[in-house]
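Numbering (the numbering used here), first residue to last: 277 to 1530.
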């Protein structure tokens, strides 16, 4: 009978791993061994069994006493237990794919920590003399060194060779580790800043997002390169690992753009001879910085010195260093492998891997003597796809060779592009050859001749213009314009709204040979006159009573009333045609000098784009397009011009630029060929339009004007799967668009969205500072060229020369490229991705904005002496402008109106902060990093100053957390933008500042009549002043200002705070009295359970409301507690609402409740630490909970932004367990945003419709 010896304490490494096991995370360790020769299976099995008998860690299980969180390790005394053994015959199948499948299955198999960590063996029979052996054990029992030692010892035992050296039991190591004292100095030296390098990888989200575990790519370095590595190391007197690490850090610097890179480097944790033969997890991961040297000679020497320093310090590290979770998402490991021992049967490790390694991308180099270096690339398919990692592998080889060839030059000069990839990148940068150039109006004339009776324009209530009428009216107006002196290169201003006169006027200008200058009549008059002053237009086309009437010297032709053009003959006389290289239009875009720039676009450029767009976006049948955006925005050209060269209709209405009116129109219309919107439009339309409307809106949905995130596409993918969705990119200087791609349907929410490949006739190059192409996955600046390139800027040869540069590798002389200032990178398939800006230009609401232009307008005010304008973006919000102003503060309330008269809406700052002076850098430029985070100006309201030092201190805490200054004594924390997570930090900082123990629940409390609310500066200061006030520990709180009807009892999510229900309670007209349950804090060593919390809350609920059935709501993990409460309340339970609650079987250790809480870990303080601990404990409790069937009425609410397969799986699981589940509501919003504006209003409406009597 098997007996058990006493238990041993876990080592520091095991304690860290146990935390992963508790959360359900993978905990495997695997090695794959190639075996060549006539293998005796029975002999191999005996060798493995004897090995397990020798090393007790492979017979160890883990047991936890009741109420104790950390288990002990227990060694099974029976040292002859059989090893699980499977033989798989792969002699007649695709072996590699089957091996990979078994590897993944072994990793996914549920681990039983109570069972011994005996290796699971799978022997693959590849041929008569060829086998591979997969051994899988627990990460609690093995690290990488253990796995390779295991393989070597297995080979020796198979050959029946004598084994030398005493084996140290892992339990002895663990106990010894508990006894040694840490060397604080050594640990301090190794506490590197944990920079997450992979966060800076452009393609870190390139994978599909759902594949668990890790994958590997294995490749040998070429023999000549291996010889160069060893030769260089010998000449420089450094180790080979330092050479390989320095090259890896150099490539990481190229890819991430970081000047210095910290990489997690594996050290085997065996600095003493006694530990050499010890099996078990001893390894430590320690951060190693790249050096500061410019050349590879310097970087390699610094890497060697750092590795030596860390190796020396490692022996002084106690368990406290190893117990910390590794933070390195990019790692490096160098191992040495002995060549296979010659003989009839040889063993060689193909790879080893351990699940405890947190790195998303790890380079493992295996050195076999001086003859071979095997690179094994371990990567997370959740973050990287195979093709990209293989691309990084090739880049590493190229960079390593380049560094060794020129070790004395700056590493920035060494390219990661090999010749094959360079050729591919050059090919990917050039679109298809363009057809012969034609003028834009000629394309419309051709279509009018082809379909004269088709409807060209639709407007108003059933009114329309045919192609024949469009062409005739434009021709008559063109003759009038010719009589006014309009001809080639002559600009004509067009200031018209979205009416039938707009396309007629544009076409007339082109027919006359001129170039139209579109001016949006909705702009401030000051802005319109300023734009018109920059371009000499002899003629202005407008409507009677327009904003420029009487404000220009140009001859105004009123196109909305009978005039002399209407008495001209309606013949089709051809006018002298301009050439394709004449100007078609001048479009103003934001300028970095503070003044708008006029972009000169030719017929060749715009004609090339509209022909490509017609071919790509327009199908065989369709209802045309809605022209709904400003004519001063080149995005409008797609909707306004593409239909007119394909025989389709342009739909026009002056009201449609307002998004609500556009949504109403789309609700009443279907079957459009294309709808072009900005991503900002898209998210609002998805919220405003019912699902059935999305399905029939348009054949092609074209997104342009700003960056796209995959999460925005969810509603359209679900409800309009047949709609083709395109991401289109192009600056105004490239005639609307130069790059596009249909967005793949299977793109995961977190994945980057490509902007695609160059359109017909276009070029999109990705270049470094030296104007050389950069490697795939490496950031570079986007340069565009080809047929769509603009001529330059109006009256600005200097800026034109700066931005339109000589083409560095064009065959034809005089070719140019436009420097966009946009950053991008290429994927492995050649597709281009947008990655931000190299300057401070931003996109706000799809509009290109130069903050310098807003600054220039600010400085026009006589009371403003200086100003700086920057873009800001708070978490979960859109970008906005913040202005920092030096001058007379008496004009505070005047500035918004002053700017509104001069600038479009996107250019207006949201925040104004007054400064005594603008902080400057050493070279005299504004120091943007030194600017305080934006405050706000409240027009017409004076700030109430603090009454005393306590209020002043509380106000300072408000300002620091909310990034607003000044904050008055009567201002409310939540009204200023505070939310539940910030509220926790607020109370933590108040307690630390004043040495108090206020709980977060004070923010809920109803104060005495006339007393300021506790959420204001003054109200919170009053609570601080209350000497000796008792700690408030009631688990049930009521929200101020909520409804007065029937109570709705809401249970907290993980973390224990009910603050998330505050916005629901405040929804106007929500009739229920929202009451929230808050979790008690943990006692020392206590571990909460769903059952215990439900018992506590049910008892408190009955004491507060003993009568009538109760309404229960639980959010996320709180839904599990609410379900258990309903079980206990039985007949006294009314309706149960589960909001975003997933069955425990679908949960993992990184639930969404704690994601935001983890972000607070950088804010020190016991309250935050306790909250994080509580959130993690709640998640563990949720995973352990096993719900029982419940027959009462249940409603399930799910967030539309969540993964649809996960939602459906959760709903199906709940239906099986909860027969009373009546309805599943999928509402707009995300896991957290369901309870935040604007989505909380939809949740409140659903609850009103679902819950009984109010």
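Ideal Cβ placement from N, Cα and C applies to all residues, glycine included. The model shown is predicted, which means the values in this text are computed figures rather than measured ones.
- Item | Minimum C-alpha distance to residue 1206 - residue among 766, 1002, 927, 1144 | If we check each option's Cα against that of residue 1206, 1144 comes out closest.
- Item | Stretch pair the stretch 911-918 + the stretch 931-945: three plus CB contacts closer than 8 Å | They do not touch, by the three-pair rule.
- Task: Report all residues from its chain with a CB closer than 7 Å to the CB of residue 1374; omit the five preceding and five following residues, and keep chain order.
- Result: The answer, listed in chain order, is 1401, 1404, 1405.
- Item | Cβ-based burial, residue 583 [other Cβ within 10 Å; buried from 16] | Buried, by the Cβ-count rule.
- Query: How would you call residue 372, buried or exposed, if buried means at least 16 neighbouring beta carbons within 10 angstroms?
  - Reply: Residue 372 counts as exposed, since fewer than 16 other beta carbons sit within 10 angstroms of its beta carbon.
- Query: If you count every other CB in all the chains shown that lies within 10 Å of the CB of residue 812, and 16 or more means buried, which is it?
  - Reply: Per the 10 Å Cβ criterion, exposed.
- Message: Assuming residue 927 and residue 902 are in contact, meaning their beta carbons sit under 8 Å apart, how far apart are those beta carbons, in whole angstroms?
- Response: Yes, residue 927 and residue 902 are in contact; Cβ-Cβ is about 5 Å, under 8 Å.
- Query: Exposed or buried, residue 1523, counting other C-beta atoms within 10 Å across all chains shown (16 or more means buried)?
  - Reply: Taking every protein chain shown into account, the CB of residue 1523 has 16 or more other CB atoms within 10 angstroms, so this residue is buried.
- Indicate the three-state DSSP secondary structure (helix, strand or coil) for residue 777 in the structure shown. Three-state DSSP puts residue 777 in a helix.
- Message: Checking 8 Å against the spacing of the C-beta atoms, do residue 1387 and residue 1325 come in under that value?
- Response: If you check the CB distance, residue 1387 and residue 1325 come in under 8 Å.
- Exposed or buried, residue 653, counting other C-beta atoms within 10 Å across all chains shown (16 or more means buried)? Buried, since its Cβ has 16 or more Cβ neighbours within 10 Å.
- Query: Counting along the chain, where does the alpha helix (DSSP H) carrying residue 1018 start and finish?
  - Reply: Where residue 1018 is concerned, there is no enclosing alpha helix (DSSP H), although the beta strand (DSSP E) it sits in stretches over 1015-1018.
- In three-state terms, what does DSSP make of residue 315? Note: residue 315 maps to coil in three-state DSSP.
- Task: Assign residue 436 to one of three DSSP states: helix, strand, or coil.
- Result: Of the three classes helix, strand and coil, the one that applies to residue 436 here is coil, per DSSP.
- Item | Rounded straight-line distance, which links the Cα of residue 1041 to that of residue 1086 | CA-to-CA, the gap between residue 1086 and residue 1041 works out to about 12 Å.
- Whole angstroms is fine: what's the gap from residue 1264's alpha carbon to residue 1057's? Each residue's CA atom was taken as its position, placing residue 1264 and residue 1057 some 44 Å apart.
- Message: So, for residue 1113: in the same chain, excluding its five sequence neighbours on each side, which residues have a beta-carbon less than 8 Å away from its beta-carbon?
- Response: Residues of the same chain with a CB within less than 8 Å of the CB of residue 1113, apart from the 5 flanking positions on each side, are 1097, 1098, 1099 in chain order.
- Task: Determine the direct distance from the alpha carbon of residue 511 to that of residue 646, and round the result to whole angstroms.
- Result: Distance between the alpha carbons of residue 646 and residue 511: 15 Å.
- Query: The alpha helix (DSSP H) with residue 884 in it runs from where to where?
  - Reply: Counting along the chain, the alpha helix (DSSP H) containing residue 884 begins and ends at 879-893.
- Quick one: grab the DSSP three-state call for residue 294. DSSP, read as helix, strand or coil, puts residue 294 in helix.
- Exposed or buried, which one is residue 1393 when buried takes at least 16 other CB atoms within 10 Å? Label assigned to residue 1393: buried.
- Query: Any idea if residue 1542 is buried or exposed, counting beta-carbon neighbours within 10 angstroms, 16 or more meaning buried?
  - Reply: The question about residue 1542 has no answer, for the chain in this structure spans 277 to 1530.
- Do you know whose CA, among 672, 305, 925, 503, lies nearest residue 735's CA? Closest option to residue 735, Cα to Cα, is 925.
- Query: Distance, Cα to Cα, residue 1355 vs residue 341?
  - Reply: Cα to Cα, residue 1355 sits roughly 25 Å from residue 341.
- When the Cα atoms are used, what is the spatial distance from residue 806 to residue 1068? The C-alpha of residue 1068 is placed about 20 Å away from the C-alpha of residue 806.
- Query: Roughly how many angstroms lie between the CA atoms of residue 543 and residue 1004, to the nearest whole one?
  - Reply: Each residue's Cα considered, the two are about 48 Å apart.
- Could you tell me which residues DSSP pairs with residue 1109 in its beta bridges? According to DSSP, which records beta bridges pairwise, residue 1109 is partnered with 1101.
- Query: What's the call for residue 847, buried or exposed, on a 16-neighbour Cβ count within 10 Å?
  - Reply: Its pLDDT being 49, under 50, residue 847 is placed unreliably in this model, and the coordinates cannot settle the point.
- Task: Would you tell me roughly how many angstroms separate the C-alpha atoms of residue 529 and residue 1457, rounded to the nearest one?
- Result: Approximately 42 Å between the Cα atoms of the pair.
- Less than 8 Å between the CB atoms is what I'm expecting for residue 1130 and residue 1185, so what's the real figure, rounded? Your pair residue 1130 and residue 1185 checks out as a contact, with CB atoms roughly 6 Å apart and the cut at 8 Å.
- Helix or strand or just coil, what does DSSP make of residue 1437? Bear in mind that a pLDDT of 37 at residue 1437, under 50, signals an unreliable position, so the number given afterwards is only what the model happens to contain. Three-state result, residue 1437: helix.
- Enumerated in chain order, which unbroken segments of the alpha helix (DSSP H) with a length of 4 residues or greater are wholly contained in the stretch 942-1030? Secondary structure within the stretch 942-1030: the alpha helix (DSSP H) runs of 4 or more consecutive residues, fully enclosed, are 955-964, 967-972, 990-995 (chain order).
- Task: Consult DSSP for residue 932 and reduce its assignment to one of helix, strand or coil.
- Result: Correct three-state label for residue 932: coil.
- Message: In the DSSP assignment, the beta strand (DSSP E) including residue 641 goes from what residue to what residue?
- Response: For residue 641, the enclosing beta strand (DSSP E) stretches over residues 637-644.
- 6 Å CB neighbourhood of residue 1318 in its chain, flanking five on each side removed: Setting aside the 5 residues that flank it on each side, residue 1318 is surrounded in the same chain by 1341, 1349, 1350, each with a C-beta closer than 6 Å to its C-beta; the list follows chain order.
- Query: Is the CB of residue 1020 under 8 Å away from at least one CB in chain D?
  - Reply: Here there is only one protein chain, and chain D is not present.
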